[in-house]
Amino acid sequence: MSLFIGKLLVQAAYQLAISIWLMLVACILAWRGGRRVCAMIALTSAAILWLSSMPVTATSLMTALESQFTPVPMGRIPKVDAIVVLGGGVGAAVPPRLEPDLAGAADRVWYAARLYHAGKAPIILAVGGGIPWLGPKTPEADAMQYFLAAWGGAGKCDHQGERQPQHA
Numbered sequence: 001m002s003l004f005i006g007k008l009l010v011q012a013a014y015q016l017a018i019s020i021w022l023m024l025v026a027c028i029l030a031w032r033g034g035r036r037v038c039a040m041i042a043l044t045s046a047a048i049l050w051l052s053s054m055p056v057t058a059t060s061l062m063t064a065l066e067s068q069f070t071p072v073p074m075g076r077i078p079k080v081d082a083i084v085v086l087g088g089g090v091g092a093a094v095p096p097r098l099e100p101d102l103a104g105a106a107d108r109v110w111y112a113a114r115l116y117h118a119g120k121a122p123i124i125l126a127v128g129g130g131i132p133w134l135g136p137k138t139p140e141a142d143a144m145q146y147f148l149a150a151w152g153g154a155g156k157c158d159h160q161g162e163r164q165p166q167h168a
């Protein structure tokens with residue numbers, strides 16, 4: 001399965017997309033005269049949107065997920081061969097910015113630097129590429145490498161990024 005189709009299927013499974021599709025079906029049914037089924041589908045769509053946007057829903061889902069992975073004190077973390085940092089927390093430097101941009105999940109890069117400084121691994125492997133349809137830009141691994149080097153991991157970090165072909 002291609003990257004594009006995979007990303008598209010994930011978007012189609014989100015609550016907003018499901019609600020929009022249900023509303024479209026409801027509109028078609030209303031146009032064709034199926035008022036009762038149309039009302040039920042429209043109500044279901046509204047309920048999905050309402051429930052998924054309520055803070056209590058988000059909090060309960062987040063609590064259920066995060067309670068499975070409780071924080072471990074730095075002293076109890078074993079030594080390993082390498083620290084692997086997955087992408088998703090750092091963006092490329094988009095003009096007029098001169099430096100990479102820290103995003104919401106940038107704490108994983110910061111935590112990797114902390115693990116490195118605590119002597120938990122001799123190397124940090126930053127992994128993150130680019131998405132082809134967004135155009136050529138700096139791979140995320142390079143942007144993470146920038147911050148890891150700034151936080152004292154220079155010379156001890158490696159990175160693996162998917163390079164975009166440059167067209168002349």
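Be aware that the sequence shown starts at 1, since it is given in the numbering used here, and climbs by one per residue. All C-beta atoms in this analysis are idealised placements derived from N, C-alpha and C, irrespective of residue type, glycine included.
Item	Value
Can you name, in chain order, every residue of its own chain whose Cβ lies under 8 Å from the Cβ of R108, other than the five neighbours on each side?	V85, L86, G88, G89
Look up A101 in the DSSP assignment and give the residues it is bridged to.	In the sequence under discussion, the amino acid at residue 101 is Asp, which differs from the Ala named in the question. D101 pairs with G91.
Roughly how far, in whole angstroms, is the beta-carbon of S52 from the beta-carbon of Q15, given that I think they are within contact range, below 8 Å?	4 Å
Is it a yes or a no for the region 106-125 touching the region 135-150, going by three-plus beta-carbon pairs under 8 Å?	yes
Quick check: the Cα distance between I41 and I48, rounded to an integer number of angstroms?	11 Å
M54 by DSSP, collapsed to three states: which one?	coil
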